[in-house]
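Student:
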Amino acid sequence: LDPPVRVRPLQGQVDETIALCRERIARQERVLITTLTRRTAEDLSEYLKEAGLKSRYLHAEVDAIERVEILRELRSGEIDVLVGINLLREGLDLPEVSLVCILDADKEGYLRSETSLIQTAGRAARHLNGEVVLFGDRITKSMKALLDVTERRRAKQEAYNREHNLVPRSVNRGVQESLQTIVRTARGIHEKVAGGGESADAREVLKQLEEEMWEASEKLEYERAALLRDQIEDWKKAHQLGGVPAAKGTTVQRAQYTKPKRFNARSKLSRSK
407 LDPPVRVRPL QGQVDETIAL CRERIARQER VLITTLTRRT AEDLSEYLKE AGLKSRYLHA
467 EVDAIERVEI LRELRSGEID VLVGINLLRE GLDLPEVSLV CILDADKEGY LRSETSLIQT
527 AGRAARHLNG EVVLFGDRIT KSMKALLDVT ERRRAKQEAY NREHNLVPRS VNRGVQESLQ
587 TIVRTARGIH EKVAGGGESA DAREVLKQLE EEMWEASEKL EYERAALLRD QIEDWKKAHQ
647 LGGVPAAKGT TVQRAQYTKP KRFNARSKLS RSK
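For the sequence shown, the numbering used here assigns the number 407 to the initial residue and increments by one for each residue that follows.
#1: In chain order, what residues of the same chain have a beta carbon less than 7 Å from the beta carbon of THR441, not counting five sequence neighbours either side?
#2: Give me whichever residues DSSP pairs with THR440 in a beta bridge.
#3: Which full runs of the alpha helix (DSSP H) of 4+ residues lie inside the segment 499-576, going along the chain?
#4: Determine the DSSP secondary structure at ARG433, reduced to helix, strand or coil.
#5: Since SER548 contacts ARG518 with CB under 8 Å, what's their CB separation in whole angstroms?
#6: Who are the near neighbours of ARG430 in its chain, counting only those whose CB is closer than 6 Å to its CB and skipping five residues on each side?
#7: Would you call THR443 buried or exposed, if buried means 16 or more other Cβ atoms sit within 10 Å of its Cβ?
#8: Hey, GLY536 and PRO409: beta-carbon distance below 8 Å or not?
#9: Quick check: the Cα distance between LYS460 and VAL555, rounded to an integer number of angstroms?
#10: Can you tell me which of ARG635, ALA511 and ARG575 puts its alpha carbon nearest to the alpha carbon of ALA551?
#11: For GLU616, which of ARG635, ASP499, GLU624 and LEU426 has the nearest alpha-carbon?
#12: Hey, would you say GLN637 sits closer than 8 Å to ALA466, going by beta carbons?
#13: Mind checking whether the beta-carbon of CYS427 lies closer than 7 Å to any heavy atom of the ligand COA?
#14: Thinking C-beta only, is LEU454 closer than 8 Å to ILE424?
#15: In this structure, how does DSSP classify GLU422 when only helix, strand and coil are distinguished?
#16: Please report the straight-line C-alpha distance between VAL468 and ILE439, rounded to a whole angstrom.
#17: Sort VAL539, GLU472, LEU523 and GLY515 by Cα distance to LEU416 and report the nearest one.
#18: On the CB-based measure, 16 or more other CB atoms within 10 Å of its CB, does ALA561 come out buried or exposed?
#19: What did DSSP end up calling GLU413 once you bin it into helix, strand or coil?
#20: Output yes or no for whether 8 Å exceeds the beta carbon distance between THR546 and LEU493.
#21: If we ignore side chains and look at the alpha-carbon of each, how far apart do GLU452 and ASN571 end up?
#22: DSSP puts SER461 in a beta bridge; with which residues?
#23: Return helix, strand or coil for VAL611, following the three-state DSSP convention.
#24: Leaving out five residues before and five after LEU426 in sequence, what residues of the same chain have Cβ atoms less than 7 Å from its Cβ?
#25: Is LYS455 helix, strand or coil when you go by DSSP?
#26: Residues in the same chain with beta-carbon distance under 6 Å from HIS645, minus the five sequence neighbours each way, listed in chain order, please.
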């Protein structure tokens with residue numbers, strides 16, 4: 407089932423999030439929290455640690471191999487809470503996550519767009535107790551779209567389950583078996599990229615990495631595909647190669663995006679007295 411979604415006010419969103427985290431941790435479940443800026447993610451993660459929660463942050467400046475280790479820690483229970491900005495790009499498959507908290511959900515922008523909210527909410531869909539909490543003082547068009555889509559999907563899913571006598575259950579996937587493979591892959595990729603040197607044929611290495619990425623994607627090995635994607639970007643920057651990874655036999659030009667205006671989201675996080 408798609409996880410139910412509820413909206414809570416901005417006032418006291420951090421303290422309420424901590425309380426919600428404690429409830430999930432008591433049931434040995436995990437939590438994802440999304441913020442709007444890297445600084446906010448780091449500060450919130452530290453604040454959660456001060457509150458006694460095992461937390462880490464994840465954003466674009468965390469390298470690919472460390473990101474794998476952080477995800478392994480979350481799945482294994484070494485940490486209980488992961489704070490991030492754009493958790494859509496990570497290729498996450500985290501069945502242990504039962505709660506997604508989206509802070510400042512009413513701040514319209516590409517991180518709080520309809521697509522972003524719907525896909526972020528889906529991070530809790532693999533757990534039987536999945537739930538999504540949006541913090542905002544108003545219902546934006548994107549938030550309403552998420553609420554409407556969730557209600558419509560859940561109605562269809564519940565009807566289908568009743569008709570076929572199906573009982574929803576959480577997805578179970580081994581931690582060590584899958585993530586150890588990913589770590590080995592990441593280290594192999596890292597050595598390949600780092601050891602290329604000046605004598606390497608940059609475009610040939612790039613082609614090989616892209617082929618491995620698409621192969622991983624076709625096999626639904628999303629974490630491995632995400633690692634390969636990041637190494638492809640690093641390789642392109644190091645060797646001044648433009649463009650984005652192309653599908654087999656095609657050429658794709660990099661789309662141009664307007665960088666969102668930065669602001670101090672930390673001041674937006676309300677803490678109840």
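Where is the CB? At the ideal position from N, CA and C, for every residue including glycine.
Fair warning: this is a prediction, and the values are worked out from it, not measured in the lab.
Tutor: Reading off the structure:
#1: Within the sequence shown, the letter at position 35 stands for residue 441. Excluding sequence neighbours, THR441 sits near ALA447, LEU450, VAL489, ILE491, LEU509 and ALA671.
#2: Counted from its first residue, the sequence shown places residue 440 at position 34. Paired residues: GLY490 and ILE508.
#3: 520-527 and 547-569
#4: Indexing the sequence shown from 1 puts residue 433 at position 27. Note: ARG433 maps to coil in three-state DSSP.
#5: The residue you call residue 548 lines up with position 142 of the sequence shown. The residue you call residue 518 lines up with position 112 of the sequence shown. Correct: roughly 6 Å between the Cβ atoms.
#6: Translated into the one-based positions of the sequence shown, residue 430 becomes position 24. Hits under 6 Å: VAL437, SER504 and LEU505.
#7: Taking the sequence shown and counting its residues from 1, the one referred to as residue 443 is at position 37. Buried: at least 16 other Cβ atoms inside 10 Å.
#8: The sequence position of residue 536 within the sequence shown is 130, counting from 1. The sequence position of residue 409 within the sequence shown is 3, counting from 1. Yes; because the gap between Cβ atoms is below 8 Å, this pair is in contact.
#9: By one-based count along the sequence shown, residue 460 stands at place 54. By one-based count along the sequence shown, residue 555 stands at place 149. Cα-Cα distance, rounded: 33 Å.
#10: For this step, residue 551 is matched to residue 145 along the sequence shown. Ranking the options by Cα distance to ALA551, first place goes to ALA511.
#11: Residue 616 sits at position 210 when you count from the first residue of the sequence shown. Nearest C-alpha to GLU616: ARG635.
#12: Within the sequence shown, the letter at position 231 stands for residue 637. Within the sequence shown, the letter at position 60 stands for residue 466. No, Cβ-Cβ distance for GLN637 and ALA466 is not below 8 Å.
#13: The ligand COA is not among the ligands present in this structure, which contains no ligands whatsoever.
#14: For this step, residue 424 is matched to residue 18 along the sequence shown. For this step, residue 454 is matched to residue 48 along the sequence shown. Judged by their CB atoms, ILE424 and LEU454 are nearer to each other than the 8 Å cut-off.
#15: For the purposes of this step, residue 422 is taken as residue 16 along the sequence shown, with counting starting at 1. Helix.
#16: Taking the first residue of the sequence shown as position 1, residue 468 is located at position 62. Taking the first residue of the sequence shown as position 1, residue 439 is located at position 33. Taking the straight line from one Cα to the other gives about 17 Å.
#17: On the sequence shown, residue 416 is found 10 positions in, with the first residue counted as 1. Comparing Cα positions, the closest option is VAL539.
#18: Here the question's residue 561 lines up with position 155 in the sequence shown. When all chains shown are included, ALA561 counts as exposed.
#19: For the purposes of this step, residue 413 is taken as residue 7 along the sequence shown, with counting starting at 1. Inspection of the sequence shows that residue 413 is occupied by Val rather than by Glu. Looking at VAL413 - three-state DSSP - the assignment turns out to be strand.
#20: As a first step, residue 546 is located in the sequence shown; it is residue number 140 there, counting from the start. As a first step, residue 493 is located in the sequence shown; it is residue number 87 there, counting from the start. It is not a contact, given that the beta carbons lie outside the stated cut-off.
#21: As a working note, residue 452 is residue 46 in the sequence shown. As a working note, residue 571 is residue 165 in the sequence shown. Cα to Cα, GLU452 sits roughly 45 Å from ASN571.
#22: The residue given as residue 461 occupies position 55 in the sequence shown. When beta bridges are read from the DSSP output, SER461 appears opposite VAL487.
#23: As a working mapping, residue 611 is identified with position 205 in the sequence shown. Reduced to three states, the DSSP call for VAL611 is helix.
#24: One-based indexing of the sequence shown puts residue 426 at position 20. So the list reads LEU505, CYS507 and VAL539, once near-sequence residues are dropped.
#25: Position 49 of the sequence shown, counted from the start, is the residue given in the question as residue 455. LYS455: helix per DSSP, three-state reduction.
#26: In the sequence shown, residue 645 corresponds to position 239, counting from 1. If we look at HIS645 and ignore the five residues flanking it on each side, its Cβ neighbours are ALA608.
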